[in-house]
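Okay, structure first, notes after.
Protein chains: 2
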Amino acid sequence: VTHSQHASRRIDQFDVVAFDADDTLWRSEDTFRYAEQRFLELVGPYAANGVDVEEVLHEVERADISVAGYGVKAFTLSMVRAAVRATDGRVPSLVVAELAELGRSMLLDDVHLLPHVVEVLETVSPSVRTVLITKGDLVHQTRKVTTSGIDHHFTDIEIVLEKDPDTYTRIVQRLGVEPDRFLMIGNSVRSDVLPVLAIGGHAIHVPYHITWEHERVDDHGVELIEFASIADVPIWLGLSDL
Amino acid sequence: VTHSQHASRRIDQFDVVAFDADDTLWRSEDTFRYAEQRFLELVGPYAANGVDVEEVLHEVERADISVAGYGVKAFTLSMVRAAVRATDGRVPSLVVAELAELGRSMLLDDVHLLPHVVEVLETVSPSVRTVLITKGDLVHQTRKVTTSGIDHHFTDIEIVLEKDPDTYTRIVQRLGVEPDRFLMIGNSVRSDVLPVLAIGGHAIHVPYHITWEHERVDDHGVELIEFASIADVPIWLGLSDL
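Below, the structure written as structure tokens:
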């Protein structure tokens, strides 16, 4: 890998390296897509004439985000509301209960780490203060962190409502780090990259094969550091010659 | 009020005064009780023979807390599951949708401050670093804080998963305060008092007329500072001769 040949120890430019969690360290979006698929199978047969069940679900989801936020519980309540709306109430309540169970099982799902995550954290965390910054539900994110088997790599775990510049400002202040010495790594341009650059920090984009629709930023007009794999991060930091 | 006559400025013993929010600063439990009442009215008529609908709801709630946590979204999902279970699926899905709407309206409810809260914060917050520590859902608690009209009194707002000694230890470390100079005020002995005393802090119990069943501690065997009204707090701190 050529760009590692002359790598200085870029790690020395940073006091804190922060990782996003969902779809950066472990799979998340996949389970939502699976749940949507089940929703279509379960609710589709009862759909009112001419109704696009998937479109109703997305409409209800969009309307609910500002009220209930991101995360599995909000999504499950959206499925319940959408099922009844898309079928004018014809969906049996036993099917609705199955949607609620589906959400419950998502909350209890095992964590599936993405490839190379363990090695990357084992390489990075001994060299610099390593933290985790994730958006979403306190209960579910806490469960995932504590059952992930990788939580010992992080000195701090921040579960936040929204990843905007104000949130990142609060976090760097809490951590006592200058924005210029703060590096964020994540799969979302909107949540992990742009707001960090906005406060004068550094960010690396590691795209996930699925990017959630609400996470897309079409025209950000910023030059990004983007890696195909999280395994490139320690190389870029000068920590590895893999 | 006699105990204020010779009050020293007890406030000088503290670097941080922290307030709980739900049922300490604003009403919360009332809305859950109202929702339970609506649940019984809506679901009761479809109950299976010999089933105690209220008991089923409480059973489902208890089973769901460890999975979904506290808060309105978890409670709403419990109502959905309990409605179907208590009726063997006979409850119409339109009724289930009404339960989901009920939860949604709880998330959007106006904040109802409790009596004397504004005056207490206006008296306390200019004299000492004043923070808010609340348990529950990030989205809902954040909405309540930001629409409460009292958020400017707090230098820090901590929304936590569980109020146990570990959590309080993390908070006092973050705030950079010695436990002995930290005072917590709240309506729950289990969440606001005992864990704070356990880490060497101070706590005042201001009971709310409703205490949630899961919040009760029957035999704590600790002598508590307990006030009938939050208005007694500034008097005890030596800040007021009201």
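Note that the protein sequences, when read in sequence, are chains A and B.
If you're matching positions, the first sequence starts at 1 in the working numbering and goes up one per residue.
If you're matching positions, the second sequence starts at 1001 in the working numbering and goes up one per residue.
Just so it is clear, CB atoms sit at the ideal spot from N, CA and C, and this is done for glycine as well.
Residues of its chain near residue i, where Cβ-Cβ distance is below 6 Å and the 5 sequence neighbours each way are ignored
{"i": "L1175/B", "result": "V1016"}
{"i": "A1035/B", "result": "L1102"}
{"i": "R9/A", "result": "G238"}
{"i": "I225/A", "result": "I204"}
{"i": "Y208/A", "result": "D23, N187"}
{"i": "R181/A", "result": "F14, D15"}
{"i": "S1078/B", "result": "V1060, E1061, D1064"}
{"i": "L1121/B", "result": "I1150, H1153"}
{"i": "S191/A", "result": "K163"}
Those residues which DSSP pairs with residue i across a bridge
{"i": "R1129/B", "result": "V1016/B"}
{"i": "K1135/B", "result": "V1160/B"}
{"i": "H1267/B", "result": "Limits of chain B in this structure are 1001 at one end and 1242 at the other, which puts residue 1267/B out of reach."}
{"i": "L1113/B", "result": "W1026/B"}
Interface partners of residue i on chain B, CB under 8 Å
{"i": "P92/A", "result": "G1089, S1093"}
{"i": "V16/A", "result": "Those within 8 Å of V16/A in chain B number zero; the least Cβ separation is about 15 Å."}
{"i": "L107/A", "result": "V1067, A1068"}
{"i": "T244/A", "result": "Outside the displayed span of chain A (1 to 242) sits residue 244/A, for which this structure offers no information."}
{"i": "V120/A", "result": "Those do not exist, as V120/A stays about 26 Å from chain B at its closest Cβ, beyond 8 Å."}
{"i": "V145/A", "result": "In chain order: nothing, as chain B lies at least about 11 Å away."}
{"i": "V60/A", "result": "Correct list: empty, because the minimum Cβ distance to chain B is about 10 Å."}
C-beta atoms of residue i and residue j nearer than 9 Å
{"i": "H202/A", "j": "L183/A", "result": "yes"}
{"i": "V233/A", "j": "V124/A", "result": "yes"}
{"i": "V160/A", "j": "T169/A", "result": "no"}
{"i": "L1132/B", "j": "I1230/B", "result": "no"}
{"i": "F1014/B", "j": "V1128/B", "result": "yes"}
{"i": "I171/A", "j": "E162/A", "result": "no"}
{"i": "S1093/B", "j": "G136/A", "result": "no"}
{"i": "F39/A", "j": "A68/A", "result": "no"}
{"i": "I185/A", "j": "F75/A", "result": "no"}
{"i": "A21/A", "j": "V145/A", "result": "yes"}
{"i": "A100/A", "j": "Y46/A", "result": "no"}
{"i": "G1149/B", "j": "V1111/B", "result": "yes"}
{"i": "L1197/B", "j": "V1117/B", "result": "no"}
{"i": "T1130/B", "j": "T1147/B", "result": "no"}
{"i": "Q1173/B", "j": "G1071/B", "result": "no"}
{"i": "P1195/B", "j": "P1165/B", "result": "yes"}
Where residue i meets chain B, residues with beta-carbon distance less than 7 Å
{"i": "R81/A", "result": "A1097, A1100"}
Unbroken beta strand (DSSP E) run spanning residue i, endpoints
{"i": "E98/A", "result": "That residue, E98/A, is in no beta strand (DSSP E); its alpha helix (DSSP H) goes 93 to 108."}
{"i": "I159/A", "result": "156 to 160"}
{"i": "I1171/B", "result": "No beta strand (DSSP E) holds I1171/B; the alpha helix (DSSP H) holding it covers 1165 to 1175."}
Unbroken alpha helix (DSSP H) run spanning residue i, endpoints
{"i": "A63/A", "result": "53 to 68"}
{"i": "F1182/B", "result": "F1182/B -> not in any alpha helix (DSSP H); beta strand (DSSP E) instead, spanning 1182 to 1186."}
{"i": "V1233/B", "result": "1232 to 1236"}
{"i": "V76/A", "result": "Note on residue identity: the sequence assigns Thr, not Val, to residue 76/A. Start and end: 72 to 86."}
{"i": "P179/A", "result": "P179/A -> no alpha helix (DSSP H), and no H or E assigned at all."}
{"i": "A1198/B", "result": "1194 to 1198"}
Chain-order list of residues whose beta-carbon lies under 7 Å from that of residue i (same chain, five-residue window excluded)
{"i": "T1031/B", "result": "M1106, D1109"}
{"i": "E98/A", "result": "L42"}
{"i": "D12/A", "result": "none"}
{"i": "V53/A", "result": "L40, V43, G44, A47, A86"}
{"i": "G1200/B", "result": "P1179, D1180"}
Where residue i meets chain B, residues with beta-carbon distance less than 9 Å
{"i": "D166/A", "result": "In chain order: nothing, as chain B lies at least about 12 Å away."}
{"i": "V196/A", "result": "Residues of chain B passing the Cβ test: none, with the nearest at roughly 20 Å."}
Proximal chain A residues relative to residue i, where beta-carbon distance stays under 9 Å
{"i": "T1123/B", "result": "The premise fails here: T1123/B is roughly 27 Å from chain A at the closest Cβ pair, so nothing lies under 9 Å."}
{"i": "R1243/B", "result": "Since the first residue of chain B shown is 1001 and the last is 1242, residue 1243/B is not available in this structure."}
{"i": "G1103/B", "result": "A68, L77"}
{"i": "P1051/B", "result": "Contrary to the premise, residue 1051/B reads as Val rather than Pro in this sequence. Going along chain A, no residue has its Cβ under 9 Å from V1051/B, so there is no contact; the nearest lies around 15 Å."}
Chain A residues whose Cβ lies nearer than 7 Å to that of residue i
{"i": "L1161/B", "result": "L138, V139, T142"}
{"i": "V1177/B", "result": "Here the premise fails: no neighbours, minimum Cβ distance about 14 Å."}
Partner residues on chain A for residue i, Cβ-Cβ distance less than 8 Å
{"i": "A1074/B", "result": "K73, V139"}
Proximal residues to residue i (C-beta, below 8 Å), its chain only, five neighbours per side dropped
{"i": "F227/A", "result": "I204, H205, V206, V233, W236"}
{"i": "V1096/B", "result": "V1080, A1083, V1084"}
{"i": "R104/A", "result": "T76"}
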